[in-house]
């Protein structure tokens, strides 16, 4: 469930330009993915996290109370894992909501486990204990970053996370109903989270600019209470 997002080129200092990075594709996008979603950049086309945790925890209005309680308990660890991997906190928040509804003991019929639904082999490759909630988050964040590095587009990286990187070919989401629904679900949650926090502007797939990312400082050690 977990596959690498455009070439990286260092242009001095600690600024890394991801010129291919966009949460929206410049290739043909299926009609089902065309409703307004996120454009993750301010007017200068830069995504610059502040003090690692880019979006302070706030409850949202569209989650059940038990899910929101679990999200609150895991938020610091989730944010730290996202920052450490260099991915947007809002995107990772949406992914965890979609994968497990923040249930650290969630297990799928295919034996994917935990907050980010790591498979045994993937967890082994990443060197994490998938039964440890914090390590599970770190592994999932690193795996998503690997898909972003490989495919260069958020929706393709999400498809690779769900269906496996080998199924994402030719710059297209594989024709798997579950994967299409998964990608849209994550992007819709990211949009709703962003709208709630008023961090990201609403846009569409067309004309997404390149983005520069200033890497965050090392993640803080975080603990996670299990409900």
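In UniProt numbering, the protein residues as written are 1 to 227.
Ideal Cβ placement from N, Cα and C applies to all residues, glycine included.
Query, Result
"Taking just the CA atoms, how far does residue 188 sit from residue 210?", "Only weak support exists for where residue 210 lies, its pLDDT of 29 falling under 50; the coordinates are left without a value."
"Can you list, in chain order, the residues of its chain whose CB lies under 6 Å from that of residue 75, leaving out five sequence neighbours each side?", "57"
"Of all the beta strand (DSSP E) runs that stay within the bounds of the region 67-146, which reach a length of 3 or more residues?", "none"
"Distance, Cα to Cα, residue 172 vs residue 145?", "18 Å"
"Assign residue 153 to one of two classes, buried (16 or more other C-beta atoms within 10 Å of its C-beta) or exposed (fewer than that).", "buried"
"Output the boundary residues of the alpha helix (DSSP H) element that contains residue 64.", "Where residue 64 is concerned, there is no enclosing alpha helix (DSSP H), given that its DSSP letter is neither H nor E."
"Going by the CB atoms, is the gap between residue 60 and residue 79 shorter than 9 Å?", "no"
"Below 8 Å, how does it come out for the region 131-141 and the region 163-172: are there three or more Cβ pairs, yes or no?", "no"
"Which two residues bound the contiguous alpha helix (DSSP H) that contains residue 55?", "Element bounds for residue 55: n/a, residue is neither H nor E."
"Is the beta carbon of residue 148 closer than 9 Å to that of residue 229?", "Only positions 1 to 227 of the chain appear in this structure, which leaves residue 229 out of reach."
"Quick one, are the C-beta atoms of residue 115 and residue 102 less than 9 Å apart?", "yes"
"So, is residue 99 buried or exposed, given that buried needs 16 or more other C-beta atoms within 10 angstroms?", "buried"
"With a CB to CB cut of under 7 Å and the five nearest residues on each side skipped, what residues in its chain are close to residue 43?", "With a pLDDT of 32 at residue 43, under the threshold of 50, the predicted position of this residue should be treated as unreliable, though the coordinate-derived value follows. Cβ neighbours of residue 43 beyond the five flanking positions: none."
"In angstroms, rounded to a whole number, what distance separates the CA positions of residue 110 and residue 130?", "14 Å"
"In chain order, what residues of the same chain have a beta carbon less than 6 Å from the beta carbon of residue 106, not counting five sequence neighbours either side?", "100"
"With 16 other CB atoms within 10 Å as the buried threshold, where does residue 198 fall?", "Any reading at residue 198 must be qualified, since the residue scores a pLDDT of 37, below 50, and its modelled position is unreliable; the value itself is stated next. Result: exposed."
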